[in-house]
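Read through the structure below, which is laid out as structure tokens, and then see the notes.
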Amino acid sequence: MGAVMLQGTGSDVGKSVLVAGLCRLFANRGLRVRPFKPQNMSNNAAVTFDGGEIGRAQALQAIACRTSPTVDMNPVLIKPSSDTGAQVVVHGRVLGNLRAGEYQQRKATLLDAVLQSWARLRADADLVIVEGAGSPAEINLRRGDIANMGFARAADVPVVLVGDIDRGGVIASIVGTRAVLDDADAAMIRGFLINKFRGDPALFADGYAEIARRSGWRGLGVVPWLAAARRLPAEDAVVLDRAARTGGEMVVAVPMLSRIANFDDFDPLLHEPGVRLLMVPPGETLPVEADLIVIPGTKATIADLAFLRAQGWDIDIASHVRRGGRVLGICGGYQMLGETIADPDGVEGPAETVRGLGHLPVTTTLTGDKRLTEVGGTSIADGVPFRGYEIHVGRSVRASGTASLLRFADGSMDGAVSADGRVAGCYVHGLFDRPEQRAAWFGTSDGIDQAHRVDAALDELAGELASHVDIDALLTIAGVAA
-11 MGAVMLQGTG SDVGKSVLVA GLCRLFANRG LRVRPFKPQN MSNNAAVTFD
39 GGEIGRAQAL QAIACRTSPT VDMNPVLIKP SSDTGAQVVV HGRVLGNLRA
89 GEYQQRKATL LDAVLQSWAR LRADADLVIV EGAGSPAEIN LRRGDIANMG
139 FARAADVPVV LVGDIDRGGV IASIVGTRAV LDDADAAMIR GFLINKFRGD
189 PALFADGYAE IARRSGWRGL GVVPWLAAAR RLPAEDAVVL DRAARTGGEM
239 VVAVPMLSRI ANFDDFDPLL HEPGVRLLMV PPGETLPVEA DLIVIPGTKA
289 TIADLAFLRA QGWDIDIASH VRRGGRVLGI CGGYQMLGET IADPDGVEGP
339 AETVRGLGHL PVTTTLTGDK RLTEVGGTSI ADGVPFRGYE IHVGRSVRAS
389 GTASLLRFAD GSMDGAVSAD GRVAGCYVHG LFDRPEQRAA WFGTSDGIDQ
439 AHRVDAALDE LAGELASHVD IDALLTIAGV AA
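Number 159 in my numbering belongs to position 171 of the sequence shown; there are no gaps in the numbering.
Have a look at this one:
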């Protein structure tokens, strides 16, 4: 079994996309490839076939490998619920809620869990491509590290360092990383990659050579800015823009909650020609021209409901409804649209009951158990099929006589619809992935299933990497015969 780990000079240098592209490249060559990320921090989670949860980036990488995602691909998932606290998920199950300082004290104890997953995963693979988190240059976090060099050395996995030239300072970031690492950590790095290059790479030849000279590491290629990467789901909310897509007659507005989760629900709308998607940041009003406001999922429903009110978005939503506009709540957004949200056991914080937005006759009680499952069925109003997944705590109860939004394949119901049909909510993520559902919601569809769009982008990405990365050298580093 071969293995190689991609670490970055910082966050958002493109590690996740590169791992996905390399996974598809080697899968296309007939290798049994698996992705692995020891520790991920993200509120964008995916449900695995065995009922656990992992980062959506690793689920995408599993798709790139043409295999099903498992909890072993991301054994430790940190889901921030506040600026100083997070829910910690180990082997797909919630371990508990920890403050940042508490996690730093306990993370070294999680190395055993990481190595257990690593042993199971590598036994089923010809090649494992590992993704680090943040940067190994964060030497203040080195003690007890399980995300970067702590894992690489424990598992004896060689490292390739990725630098992002688009943000500037790539020479300093790579050479600077070498300068702050101790010799044992630096020795794990066998090469470097330059990512997100724009223009003529010949103009960077001197800089490329200087990095190799100063670091002592081999250059493995200069990867251009890849258009295919824009068609893949993003992992971090930092990439969301104010106007995610311009043009289109149907205006869809999404308030960017402070703990927004599973925002890849909106990825299909980025490519829908009849839709103008607006991601509305804090401090801005929800646009009056919106046809549909979608309240997204969140890791902290009660806190984000207070955040929503602090922005004045509750007033904007009420005005939108009075004007005859439509509103959809997904997961935590669905809970917010109801009458009350009760947290008797303090799942999200202090035990309390708060008033919802009051647009749906629904009451929600947050409970400690989490529902993690893939689902499918039809919309009740029109019979249009859907597929998606649920990942949430809490149970919502509709008032007697309230219509449901969705019917699952087993005959059970989900969601609620207001009496006038203009406000609706449900727990299902991925509702817009199928073209039939987009046509039903927006009156338009490009006819492309989101899964097919992603698959085509992965193949395109693999082709680009084959042209710009020294693949034979990478396989040699990984210990796999080229």
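Backbone N, C-alpha and C define an ideal beta-carbon position, used for all residues, glycine too.
Look at residue i and residue j and say whether their C-beta atoms are less than 8 Å apart.
i: K25; j: G39; result: no
i: A113; j: N136; result: no
i: F430; j: E272; result: no
i: L99; j: V78; result: no
i: V457; j: L191; result: no
i: A200; j: G207; result: yes
i: R247; j: S69; result: yes
i: V372; j: Q425; result: yes
i: E41; j: I379; result: yes
i: V35; j: E362; result: yes
i: R310; j: L280; result: no
i: T355; j: R383; result: yes
i: I290; j: I329; result: yes
i: G132; j: A167; result: no
For a test of the three-state rule: what should DSSP assign to residue i, helix, strand or coil?
i: M137; result: helix
i: G451; result: helix
i: G84; result: strand
i: N28; result: strand
i: S105; result: helix
i: A231; result: The pLDDT assigned to A231 is 42, lower than 50, so where the model puts this residue is not dependable; a value taken from the coordinates is nonetheless given after this. Coil.
i: G89; result: helix
i: S384; result: strand
i: I42; result: strand
i: R264; result: strand
i: P57; result: coil
i: R441; result: helix
i: A469; result: coil
i: V226; result: Confidence at V226 is low in this model, with a pLDDT of 47, below 50, so the placement of that residue is unreliable and no value is reported for it.
i: P23; result: strand
i: A278; result: coil
i: I379; result: strand
i: H456; result: helix
i: V5; result: helix
i: D71; result: coil
i: L345; result: coil
i: P423; result: helix
i: I51; result: helix
i: D524; result: Because residue 524 is not part of the residues shown, which for the chain are -11 to 470, the question remains open.
Opposite residue i in the DSSP bridges: which residues?
i: G490; result: Outside the shown range of the chain, which is -11 to 470, sits residue 490, and nothing can be said about it.
i: F185; result: P212
i: L394; result: S367, D402
i: V(-8); result: I117
i: E340; result: D331
i: F180; result: L149, G207
i: L65; result: N28, V77
i: P270; result: The partner list for P270 (beta bridge, DSSP) is empty, contrary to what the question assumes.
i: F374; result: G365
i: A249; result: G285
Please list, in chain order, all residues of the same chain as residue i whose beta carbon is under 7 Å from its beta carbon, the five residues on each side excluded.
i: D60; result: S105, R108, L109
i: L345; result: D302, I305, M324, L325
i: F295; result: L245, S246
In chain order, what residues of the same chain lie with their CB nearer than 6 Å to the CB of residue i, ignoring the 5 residues before and after it?
i: G(-2); result: S123
i: K287; result: N31, K67, S69, R247, A249
i: H417; result: N250, D253, G376, Y377
Leaving aside the five residues before and after residue i along the sequence, list all residues of the same chain whose C-beta is less than 8 Å from its C-beta, in chain order.
i: G73; result: N85, L86, R87, A88
i: S4; result: A45, L48, Q49, E119, E223
i: V226; result: Low local confidence applies: a pLDDT of 47 at V226 is under 50, so the model's placement there is unreliable, and no value is given.
i: V148; result: V(-8), M(-7), L(-6), Q(-5), I177, R178, G179, F180, L181, L208, L462, I465
i: G364; result: P373, F374, R375, G376, F396, A397
Compare the C-beta of residue i with all C-beta atoms of chain D and state if any pair is closer than 8 Å.
i: P243; result: Absent from the structure: chain D. Only one protein chain is present.
Counting along the chain, where does the alpha helix (DSSP H) carrying residue i start and finish?
i: R202; result: 193 to 203
i: L357; result: In the sequence as presented, Leu is not what sits at residue 357; that position holds Asp. No alpha helix (DSSP H) holds D357; the beta strand (DSSP E) holding it covers 350 to 367.
i: D292; result: 289 to 298
i: I459; result: 459 to 466
i: T165; result: 158 to 168
i: F254; result: First-last for F254: undefined, no H or E at that position.
i: E126; result: It is not in any alpha helix (DSSP H) - E126 carries neither H nor E in the DSSP assignment.
i: D171; result: 171 to 174
Can you tell me where the beta strand (DSSP E) holding residue i begins and where it ends?
i: H308; result: It is not in any beta strand (DSSP E) - H308 instead sits in the alpha helix (DSSP H) that spans 301 to 310.
i: K95; result: First-last for K95: undefined, no H or E at that position.
i: V239; result: 238 to 243
i: A34; result: 33 to 35
Under 7 Å: does the beta carbon of residue i sit that close to some heavy atom of the ligand MN?
i: V211; result: This structure lacks the ligand MN; in fact it carries no ligand of any kind.
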